[in-house]
Each structure stands twice: as structure tokens, then as C-alpha cells.
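Contents: one structure, followed by commentary.
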Amino acid sequence: MTNDILKPSNRWLTGLILTATAITGATGFYVVSQSSQPSPPVATTPPVTQVTALGRLEPETEAIRLFAPSALDGDRVDQLLVKEGDRVKAGQTIAILDSRDRLQNALAQAREQVRVAQAKLAQVRAGAKTGEIKAQEATIARIQAEIAGETSTQNATITRYQAEVSNALAEYNRFLQLYRQGAISASNIDSRRLTLETAQAQLKEALSGKNRTVETLQAQLQEAKATLNQIAEVRPVDVNAAQTEVDTAIAAAKIAETQLQEAYIRAPISGQILKIRTREGEKISDSGIVEMGQTAQMVAVAEVYQTDIGKVKLGQPAIITSQAISGQLRGKVSQIGLQVDRQNVFSNQPGENLDRRIVEVKIRLSPEASQQVAGLTNLQVETAIQL
103 MTNDILKPSN RWLTGLILTA TAITGATGFY VVSQSSQPSP PVATTPPVTQ VTALGRLEPE
163 TEAIRLFAPS ALDGDRVDQL LVKEGDRVKA GQTIAILDSR DRLQNALAQA REQVRVAQAK
223 LAQVRAGAKT GEIKAQEATI ARIQAEIAGE TSTQNATITR YQAEVSNALA EYNRFLQLYR
283 QGAISASNID SRRLTLETAQ AQLKEALSGK NRTVETLQAQ LQEAKATLNQ IAEVRPVDVN
343 AAQTEVDTAI AAAKIAETQL QEAYIRAPIS GQILKIRTRE GEKISDSGIV EMGQTAQMVA
403 VAEVYQTDIG KVKLGQPAII TSQAISGQLR GKVSQIGLQV DRQNVFSNQP GENLDRRIVE
463 VKIRLSPEAS QQVAGLTNLQ VETAIQL
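The C-terminal residue of the sequence shown carries number 489 in our numbering, and the numbering is unbroken.
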């Protein structure tokens, strides 16, 4: 009886156990089957092999603009003696300003004042012994000529040595930076230091030599003038007054001559005329008269984003391209800027960030590339610095 009552419950329990077993098996199969499926691949970022940036072409020494002296700033260009693309030498006349005629007249008047003052001096000395006075005047003139000649020669020597010191200092600083970056050996920087010290010593000696020479000649000149006063039969005070007038007139004539020379605009360096900024008959513009540069060696100035500048090193090769030139230009990083500026070169693409912060990097072009783009200063280019 009891067994009969329990049979339905046993059947229900048995069914429940079988159902649970089936569910557990199915769940285990699902987990196993899911874990056996391959995982999706993880995306990897390719390594950066180059830094790209917009840039421009310019001469290695940068282009310079020629202006008139401040005293002649409002003048017009009377004659323009060059055209774009011309190659000029240092000291060559580039343009003549319209103030030239006025300054020539001023110089002529100043020279006439010299003649009048000299005639007055001669009249004051008329009562003196003619032979002795003329001899002493010749001595004074000779000493004055020696002073002028020696001063001019010494000044030219000093100017040359100053240029050598400046060049040696710039070269030493450039090599010092390379040495600190480990790009050159200590012997190279020592050689540049010796060159600088030698140039400085030569400049110092030239300055001392000039002072000694001029002081000696000035002493002789003063002695000669004193002798002239002694032999004159007129009062020395009268002669001195007349001589002062002569000296003043001569000084005024020299100033007039200097001002006249300022009306001739000359090239400060040898190079190529890149742009005419002011034409004949025009008032000198705020951009100057001409723009010139030494285009024999060109560089690309790349505007590298500040976030990429840490990847750029001196000597890295670079490729430069532009729609205006055929093929690729090649060069190497020669200088990395020391300050962050705002971007100046833009691609003009929609949505472009116009307020990027960049560092200028100069890429020195190969001789072949420099020759190819010598006439394309300020051309916008695309640069790719290879890492």
C-alpha cells in the first residue's frame, strides 16, 4: 500500500533529475563550443616612419630687403639698374634715388665753400715768407694725406678682420652646437676655437696699430702747424681762424659727399635679385626696393607640428615635393628651430586647423636640387622627413 502511494512521487523526482541533467549538459556544451571559437584579431598601429609638414623654399642665408637710409626714406627711385633674376656682386649699384641731383648740388656748394675758405687763408698768409709758408703747407698737406691714407687703409683692414671674427664666431657657435649634439669630435670644435682666437688677436693688433699710426701722424701734423704759425709774418691767431674755416668747410664737404653716396643703393652681398619691390618713379615702399638672396644653396623650411618635433634629428634625410616642380627634391635636416610659433603655411583644405603650433626645421637641399629651384623662393612645398 505504502509502495503504491510513493510511486507517483518517484516518477516525478526522476523526471526532474533527468531534466536538470539535460540542461546542465546543454549549458556545458555551449560554454565549451563558445570557448573553442577563435578570438577576433587585435588591431595594431603601424610604426611611424616619417614626419610630414608643409613648408617653403628660401635661400640658406635667407632673403634680405634693401631699403634707403632713414634720411632718404621718402625718396623715389629714379633709376632701377637691375631686374628680377639678375645676379649681382657685393657693392654693385642696384638703384639711384631721385635725391641724387639735389645732393650733387649740395656737394658742389660745399666744395665751393672749401675753395673760398682756402682763398681766405691764403690772403691772411700773404704777408709771410712765401717760400717757407708754401713748403710748410706742403708738409701739412703731405701729413694730412698720410693720415687720410693710413686711416682708410687701417679701417679697411679692421673691417676685414671684424668680418673674419664674425664669421669665425658664427662658425664656432655652429660647430659648438653640433659638438654638444655629438655630431662632431672635440678636435673639430678645437680647430674652430683656434680660428676664432686667431681672428680676434689679429683684430686687436690691427686696432692697436691704427691708434699708434694715427697718433704719430697727428703729432707730426700738430708740429707742422705750429711751425707754420712761427714762420708766418702775420698773427698766428689770424692764421688759425682761417685754417679753422678751411677745416670746417672740408668737413662739410665730406658730409655732403657721404650723403650723396647714400642716394646710390648698393648690394651688401653677392647674390640674386629675387623680387623688385619698388619700380622707377615710385616712392620707396614699406617692403623696400628689392629683395635679394644667395640662391646658390637653397633650403626648405618645414613647419613641423610641436607634437612631432621630438622625432626630428639633425642629418635625417627628407623628401620635398610640390605641384610646381617635377620629381622629388632631396635634402637633409640641417637646423631645428628653438622656439614654437604659429603656423604660416596652410594647405587650404576644408576644416584645416589654422592655429597650430609649429617649430621651423631647415632642410638643406642637395646641390642638384638647389640649382633646380634657385628661382622659386617662397614656393610652398610638402616635406617628408624620414625617421
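Built from N, CA and C at the ideal position, the CB exists for glycine as well.
All of these numbers come straight from a predicted model, not from anything done at the bench.
Asked: Can you tell me which residues form a DSSP beta bridge with I422?; Found: L431, T485
Asked: Which class does E382 belong to by DSSP, given the choice of helix, strand or coil?; Found: coil
Asked: Short of 7 Å in beta carbon distance, which residues of its chain neighbour D200, apart from the five on each side in sequence? Order them along the chain.; Found: D177, R178, D180
Asked: In terms of alpha-carbon separation, which member of N275, S436, I438 lies closest to R295?; Found: N275
Asked: Below 8 Å between beta carbons: does that hold for Q482 and V442?; Found: no
Asked: Beta carbon of I198: closer than 7 Å to some heavy atom of the ligand ZN?; Found: Questions concerning the ligand ZN fall outside what the structure shown contains, since it holds no ligand whatsoever.
Asked: Taking Q320 as the reference, which of L168, E347, A243 has the closest Cα?; Found: A243
Asked: Please determine, among I375, A476, A426, the residue with the shortest C-alpha to C-alpha distance to I196.; Found: I375
Asked: Mapping DSSP to helix, strand and coil, what is T297?; Found: helix
Asked: When the Cα atoms are used, what is the spatial distance from V401 to S472?; Found: 8 Å
Asked: Between the alpha carbons of A224 and A354, how many angstroms are there, rounded?; Found: 20 Å
Asked: Does the count of Cβ pairs from the segment 413-426 and the segment 367-387 closer than 8 Å reach three?; Found: no
Asked: Considering Cα atoms alone, identify which of L489, Q418, I260, G429 is closest to R466.; Found: Q418
Asked: Check each candidate in E239, E405, A358 and name the one with the smallest Cα separation from A173.; Found: A358
Asked: Reducing DSSP to helix, strand and coil, say where D188 ends up.; Found: coil
Asked: Which one or two residues does DSSP pair with G157 in a beta bridge?; Found: A404, V483
Asked: Can you look up S289 in the DSSP assignment and give me helix, strand or coil?; Found: helix
Asked: Do you know offhand how far V133's Cα is from I438's?; Found: The pLDDT assigned to V133 is 41, lower than 50, so where the model puts this residue is not dependable, and the model offers no usable value.
Asked: Does the distance from the CB of Q256 to the CB of K312 come in under 8 Å?; Found: yes
Asked: Pairs of beta-carbons, one from the segment 266-273 and one from the segment 295-309, closer than 8 Å: are there three or more?; Found: yes
Asked: Beta carbon of V216, beta carbon of V392: below 8 Å?; Found: no
Asked: Does E325 come out as helix, strand or coil in the three-state DSSP assignment?; Found: helix
Asked: Just mark Q570 as buried or exposed, buried being the case when its beta carbon has 16 or more other beta carbons within 10 Å.; Found: Absent from the model: residue 570. The displayed extent of the chain is 103 to 489, so no value can be given.
Asked: Please determine, among A398, K464, V475, R444, the residue with the shortest C-alpha to C-alpha distance to R189.; Found: A398
Asked: Within this structure, are the beta carbons of A420 and V403 separated by less than 8 Å?; Found: no
Asked: Any idea what DSSP makes of S436, helix, strand or coil?; Found: strand
Asked: When you compare only the Cα positions, how much space is there between A351 and A344?; Found: 11 Å
Asked: Excluding five sequence neighbours on each side, which residues of the same chain lie with their C-beta closer than 8 Å to the C-beta of A285?; Found: L416, G417
Asked: Can you tell me where the alpha helix (DSSP H) holding T346 begins and where it ends?; Found: 338-363
Asked: Take A155 as the anchor and find which of R282, T241, T479, T409 has the nearest alpha-carbon.; Found: T409
Asked: Reducing DSSP to helix, strand and coil, say where Q396 ends up.; Found: coil
Asked: Would N480 pass as a contact of L168 if the rule is Cβ separation under 8 Å?; Found: no
Asked: Tell me the residue span of the alpha helix (DSSP H) that contains L223.; Found: 202-226
Asked: Could you check the C-alpha separation between A247 and T485 for me, to the nearest Å?; Found: 60 Å
Asked: Go ahead and pull the three-state DSSP assignment for I333.; Found: helix
Asked: Have a look at N290 and F277 and give me their C-alpha separation to the nearest angstrom.; Found: 8 Å
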